[in-house]
Amino acid sequence: MSDLVVEDGTRTQPVAVGSPLLVARDVKKYFPIKQGIIFQREVARVHAVDGVSFEVLEGETLGLVGESGCGKSTLGRCLLRLYEITDGTIEFAGTDITRLSRRQLRPLRRQMQMVFQDPYASLNPRKRVGQIIGDPLKIHNMGNRGSIKSQVQELLSLVGLNPEHYNRYPHEFSGGQRQRIGVARALALHPRLIIADEPVSALDVSIQAQVVNLLDDLQDELQLTYLFIAHDLSVVRHVSDRIAVMYLGKIVEVSPAEDLYSRPVHPYTEALLSAVPIPDPDASAHRERIVLEGDVPSPVAPPSCCRFHPRCRYATEICSAEEPPLVAYGTGHIAACHHPLNVEETPAAVFS
Amino acid sequence: MTDSDQPPLLEVNNLRVSFRTEDGLVRAVDGISFTLRKGEVLGIVGESGSGKSVSMMSVMRLIIDPNAVFEGEVIYKGRDLMKLSQDEMRDIRGKEIAMIFQDPMTSLNPVYRVGWQIAEQIRNHEDVSKREAGSRAIELLRAVGIPKPELRVNDYPHQFSGGMRQRVMIAMGLSCNPDLLIADEPTTALDVTIQAQILELIRRLKSEFGSAIVMITHDLGVVADIADRVVVMYSGRVVEQSEKREIFYNPQHPYTWGLLGSIARLDRPKPPRLTAIPGTPPSLIDLPTGCNFAPRCRFRFDQCGIEDPPLVDKVGDGHLDACLLPVDGRASQREAVINPGMAESA
Numbered sequence: 002m003s004d005l006v007v008e009d010g011t012r013t014q015p016v017a018v019g020s021p022l023l024v025a026r027d028v029k030k031y032f033p034i035k036q037g038i039i040f041q042r043e044v045a046r047v048h049a050v051d052g053v054s055f056e057v058l059e060g061e062t063l064g065l066v067g068e069s070g071c072g073k074s075t076l077g078r079c080l081l082r083l084y085e086i087t088d089g090t091i092e093f094a095g096t097d098i099t100r101l102s103r104r105q106l107r108p109l110r111r112q113m114q115m116v117f118q119d120p121y122a123s124l125n126p127r128k129r130v131g132q133i134i135g136d137p138l139k140i141h142n143m144g145n146r147g148s149i150k151s152q153v154q155e156l157l158s159l160v161g162l163n164p165e166h167y168n169r170y171p172h173e174f175s176g177g178q179r180q181r182i183g184v185a186r187a188l189a190l191h192p193r194l195i196i197a198d199e200p201v202s203a204l205d206v207s208i209q210a211q212v213v214n215l216l217d218d219l220q221d222e223l224q225l226t227y228l229f230i231a232h233d234l235s236v237v238r239h240v241s242d243r244i245a246v247m248y249l250g251k252i253v254e255v256s257p258a259e260d261l262y263s264r265p266v267h268p269y270t271e272a273l274l275s276a277v278p279i280p281d282p283d284a285s286a287h288r289e290r291i292v293l294e295g296d297v298p299s300p301v302a303p304p305s306c307c308r309f310h311p312r313c314r315y316a317t318e319i320c321s322a323e324e325p326p327l328v329a330y331g332t333g334h335i336a337a338c339h340h341p342l343n344v345e346e347t348p349a350a351v352f353s
Numbered sequence: 023m024t025d026s027d028q029p030p031l032l033e034v035n036n037l038r039v040s041f042r043t044e045d046g047l048v049r050a051v052d053g054i055s056f057t058l059r060k061g062e063v064l065g066i067v068g069e070s071g072s073g074k075s076v077s078m079m080s081v082m083r084l085i086i087d088p089n090a091v092f093e094g095e096v097i098y099k100g101r102d103l104m105k106l107s108q109d110e111m112r113d114i115r116g117k118e119i120a121m122i123f124q125d126p127m128t129s130l131n132p133v134y135r136v137g138w139q140i141a142e143q144i145r146n147h148e149d150v151s152k153r154e155a156g157s158r159a160i161e162l163l164r165a166v167g168i169p170k171p172e173l174r175v176n177d178y179p180h181q182f183s184g185g186m187r188q189r190v191m192i193a194m195g196l197s198c199n200p201d202l203l204i205a206d207e208p209t210t211a212l213d214v215t216i217q218a219q220i221l222e223l224i225r226r227l228k229s230e231f232g233s234a235i236v237m238i239t240h241d242l243g244v245v246a247d248i249a250d251r252v253v254v255m256y257s258g259r260v261v262e263q264s265e266k267r268e269i270f271y272n273p274q275h276p277y278t279w280g281l282l283g284s285i286a287r288l289d290r291p292k293p294p295r296l297t298a299i300p301g302t303p304p305s306l307i308d309l310p311t312g313c314n315f316a317p318r319c320r321f322r323f324d325q326c327g328i329e330d331p332p333l334v335d336k337v338g339d340g341h342l343d344a345c346l347l348p349v350d351g352r353a354s355q356r357e358a359v360i361n362p363g364m365a366e367s368a
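Protein sequences appear in the order of chains A and B.
The opening position of the first sequence corresponds to residue 2 in the working numbering, with each subsequent residue numbered one higher.
The opening position of the second sequence corresponds to residue 23 in the working numbering, with each subsequent residue numbered one higher.
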């Protein structure tokens, strides 16, 4: 819905360091559902990402949270052009990359890398670790065999693995170690932006903390920018400077991290936060739980207007009649809701 | 506990499960003991490979592997389940003890309608007509909060979402009013909002059906929410066991401290860093001598590598822990792990 978006890109005040590194404007990704054996016709579309606009600032970590099926992973892949987007524009470091050819894209690929969720599936089991991490270097002609080997060993020790393990296969490593290999591979080309798609959710808690701390240290050391996609709100709060909440293909709230937790504006954010179990029995017994009814609706035919209205306890008629625009509530805090919570003053500005 | 003088519903004594493999003997469960009272919710916490699932699968006698070796006793209502034949066990499984598995996507049969699957379980254990079993299936689906159950009984599993399938699994588990329900990570595959629905449901069923529940999980938040008592497992052993409040407010074992320190929490101010537990769990084929956790423990001393710490009550109130550290020094050590920032400023 392009009318919800301001074109001038100034809608969020920079709350973290730097200027926008990655800007998404009204990005849409629909997957066709086809039927027929020889003549396939499109019978419906999955609205995986449906008009998402946001920016990732240089040097910050933007957390992207949402439940499974909300389109957060699809969005992550669209941003790297791993999927061709249906509509919208993506700018990276001032360049519109939406229509670049593969060849034109290649030098930019160096600067944006991805860490995948499943460390068991994202490493080729037939390749040695040295090859897995070294291949990006080879593809981009960054050194001869000897220098690639020394670069890989440097990367291995950077992510806390033994450089001697250069010749081992992925199956010889535990889940946490594999995820470190995935991180090393992403770092090989000295990227500016790393999109981490659920990098810790497949790991045990004690190992999660190791990988989260590693990502933290690497960011300080190498001045990285992260887009951290996850469903675990506690981990996202820990790593992020700003957080965007997605529901059914749309961003419903963007806010500085602490602000989101102390003052959620969108009812969906409120419900998500209240659903996170808290490891403190007394606090857990006394807090108010908002149990949402039902499941996330199908993205093939999402509810009209506000997509959250069928599950929202504050919903009124307007929610199914009019799509709520993204409105600013305080510095860098925007949300799309007709019945915003935790808001005393009138909205600062309405984008329409 | 008012009914503490009653005999426990389930008593696991020194259960050992090991698997013979080409590489050696894998000690998946290495001598665990615990008891469960009627109507109680016991949370079993541990990381992958700590033996929490294997131990409960063994209690259900669901591990049928010629290379598995079992030792120890599982006393349920006075009978040792380990000594029963599979036929006798089949009468208990589903009727007296039911189990819910982690992955609701794979634990239902995709080629049968869900109503049929629930009714089959009822007809296996009770002498009822097909029609009656069918109507009980509808009632069960209604009890676990599935809308329009009279229509949904005729659906196949793929027509349900993940959360709905887990509800079907729970309905199946409850179909014969079991006295004990074993839930193996029932919410791990689900989103938080759906997890909240399922936990709410389990809480309600506990009060309505009065079943005792064993809740296997790796999420301390889920334990804090739902358990009465907690068992913490590490590499096949119980390292700590107590009432829920004690585990969270007065934990005694360094592994429990590590777990509490390594989780990002929404209810506390954000720490600069999470306190990760260094290293990885030991291989179950080649366990270290002495305490299994010692190689990763920052408070280890010489004795930890020699002596196997027994699981004993050192602080009173039935709070057991398997650690050799002197009790009086633990409070400050614990603070250094769980609240590193506060310990330094204090």
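The C-beta atom is built at its ideal place from N, Cα and C for all residues, glycine as well.
Per DSSP, residue 113 of chain B is one residue of the alpha helix (DSSP H) stretching across 108-114. Legend: CB atoms of the region 196-227 of chain A lying less than 8 Å from CB atoms of chain B belong to residues 205, 206, 207, 208, 209, 210, 211, 213, 214, 217. For residue 196 of chain A, the enclosing beta strand (DSSP E) stretches over residues 194-198. For a Cβ distance threshold of 8 Å, nothing in chain B lies close to residue 169 of chain A: the least Cβ distance comes to about 15 Å. In the structure shown, the three-state DSSP call for residue 97 of chain A is strand. Setting aside the 5 residues that flank it on each side, residue 169 of chain A is surrounded in the same chain by 129, 130, each with a C-beta closer than 7 Å to its C-beta; the list follows chain order. In the displayed model, residue 35 of chain B falls within a strand according to three-state DSSP.
Between residue 211 of chain A and residue 286 of chain B the beta-carbon gap is near 13 Å, outside 8 Å, which marks them as no contact.
Residue 226 of chain A and residue 206 of chain A have their C-alpha atoms spaced approximately 24 Å apart. Rounded to whole angstroms, residue 240 of chain B and residue 207 of chain B show a C-alpha spacing of 8 Å. Under a criterion of Cβ atoms nearer than 8 Å, no residue of chain A is adjacent to residue 191 of chain B; the nearest Cβ is some 16 Å distant.
Three or more Cβ pairs closer than 8 Å define a contact, and the region 180-200 of chain A meets that threshold against the region 126-145 of chain A.
Residue 65 of chain B is bridged by DSSP to B:237, B:252. Taking all protein chains in view, the Cβ of residue 102 of chain A is surrounded by fewer than 16 other Cβ atoms within 10 Å, so the residue is classified as exposed.
The three-state reading of DSSP puts residue 256 of chain A in strand, counting E and B together. Using a Cβ-Cβ cut-off of 7 Å, residue 359 of chain B is close to nothing in chain A; its nearest Cβ partner there is about 11 Å away. Think of a sphere of 9 Å around the beta carbon of residue 186 of chain B: the chain A residues whose beta carbon falls inside it are 296, in chain order. For residue 253 of chain B, none of the residues of chain A pass the 9 Å Cβ criterion, the least Cβ distance being about 16 Å. By the neighbour-count criterion, in which 16 or more other beta carbons inside 10 Å mark a residue as buried, residue 215 of chain B falls on the buried side.
Taking 8 Å as the CB threshold, residue 48 of chain A stays off the interface with chain B.
Annotated as proximal: residue 247 of chain B and residue 285 of chain A, with beta-carbon spacing under 8 Å. If you draw a straight line from the Cα of residue 343 of chain B to the Cα of residue 154 of chain A, it is about 42 Å long.
Counting C-beta pairs closer than 8 Å gives fewer than three between the region 164-181 of chain A and the region 79-92 of chain A, which falls short of the contact rule. Residue 309 of chain B has its alpha-carbon roughly 9 Å from the corresponding atom of residue 48 of chain B. In the assembly as shown, residue 294 of chain A is an exposed residue. Its beta-carbon has fewer than 16 other beta-carbons within 10 Å. Against chain B, the beta carbon of residue 272 of chain A has neighbours under 8 Å at 215, listed in chain order.
Residue 191 of chain B carries a helical assignment under DSSP once its states are collapsed to helix, strand and coil. Chain-order list of chain A residues neighbouring residue 244 of chain B: 278, by C-beta distance under 7 Å. Against chain B, the CB of residue 290 of chain A has a partner CB under 8 Å away; the residue lies at that interface. For residue 284 of chain B, the nearest CB of chain A lies under 8 Å from its own CB, placing it at the interface with that chain. A direct Cα-Cα distance of roughly 17 Å separates residue 359 of chain B from residue 268 of chain B. For residue 105 of chain B, the number of other beta carbons within 10 angstroms of its own is below 16, and it is reported as exposed. The region 318-338 of chain B and the region 256-275 of chain B touch, with three or more beta-carbon pairs separated by less than 8 Å.
Cβ-Cβ separation between residue 356 of chain B and residue 279 of chain B: approximately 5 Å, consistent with a contact (criterion under 8 Å).
For residue 183 of chain A, no CB of chain B lies under 8 Å from its own CB, so it is not counted at the interface with that chain. The beta carbon of residue 275 of chain A lies closer than 8 Å to those of 288, 289, 290, 291 in the same chain, with the five residues before and after it left out.
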